[in-house]
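**Student:**
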């Protein structure tokens, strides 16, 4: 009986010591080491790829925003996001896709309505957008609903409207888009893209004459 209690006590003591050691190693030392290396090697990414404007953090280059006025470049639709009434720019209650098949009547209706809206909003007194010019990313949401980028084709389509509403030369706005167009990663991964938040910050600075 005494041996049984003694063995049990030793096993419990060994288990508690192992728990304490592993907690310190994996719960304290390892996270501190990884965080320290990340902050030293790539602090911008480690802190969430924050984007600042006027000295304040206005978003992340990894997460798309909604709610821009038509004075600015518009992002992709975000039909897969959950709705909330607190943060209308980052609708983070639910991130996801629309989960509709390509022949789903509701998705087809969404696409048709989105295309008509893009054509109407981006047509100006001097330039009329044709439905055939509207790229796919202008009328469909991404898998997460949080895509921060749009295609160069969608950015180019918006140049006429943005220039007109801000009283800027179209050539200057187009140059701004070209300057913020990123190529494929490593030259062959993904597609060329334009980060909407970064582009709109640059547009605001241009309008304000900074």
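In our numbering, the protein residues as written are 2 to 211. Don't be surprised by glycine CBs; every beta carbon is placed ideally from N, CA and C. This structure is a prediction, so every number in the text was calculated from the model and none was measured.
Which parts of the region 155-207 are runs of the alpha helix (DSSP H), unbroken and 4 residues or longer, counting only runs that do not cross its ends?
**Tutor:** For the region 155-207, whole alpha helix (DSSP H) runs of length 4 or above, ordered along the chain, are 171-180.
**Student:** If I'm right that residue 167 touches residue 72 with Cβ under 8 angstroms, what's the distance once you round it to whole angstroms?
**Tutor:** The sequence position of residue 167 within the chain shown is 166, counting from 1. The sequence position of residue 72 within the chain shown is 71, counting from 1. So it is a contact: roughly 6 angstroms between Cβ atoms.
**Student:** Report the residue from 126, 64, 68, 144 whose alpha carbon sits nearest the alpha carbon of residue 195.
**Tutor:** Stepping through the chain shown from its first residue, residue 195 is reached at position 194. The candidate whose alpha carbon is nearest that of residue 195 is 64.
**Student:** Are the beta-carbon atoms of residue 158 and residue 130 separated by less than 8 angstroms?
**Tutor:** Position 157 of the chain shown holds residue 158. Position 129 of the chain shown holds residue 130. Yes, they are a contact pair.
**Student:** How would you write the range of the alpha helix (DSSP H) that residue 57 sits in, first residue to last?
**Tutor:** As a position in the chain shown, residue 57 is number 56, starting the count at 1. Element bounds for residue 57: not the alpha helix (DSSP H) but the beta strand (DSSP E), 57-61.
**Student:** So for residue 127, helix, strand or coil by DSSP?
**Tutor:** Within the chain shown, residue 127 is the residue found at index 126, counting from 1. Here residue 127 sits in coil by DSSP.
**Student:** Compute the Euclidean distance between the alpha carbons of residue 145 and residue 78, then round it to the nearest angstrom.
**Tutor:** Within the chain shown, the letter at position 144 stands for residue 145. Within the chain shown, the letter at position 77 stands for residue 78. Spanning the two alpha carbons is a distance of roughly 11 angstroms.
**Student:** So residue 64 is in the alpha helix (DSSP H); what residue range does that whole segment cover?
**Tutor:** On the chain shown, residue 64 is found 63 positions in, with the first residue counted as 1. Careful: residue 64 lies outside any alpha helix (DSSP H) and carries neither H nor E.
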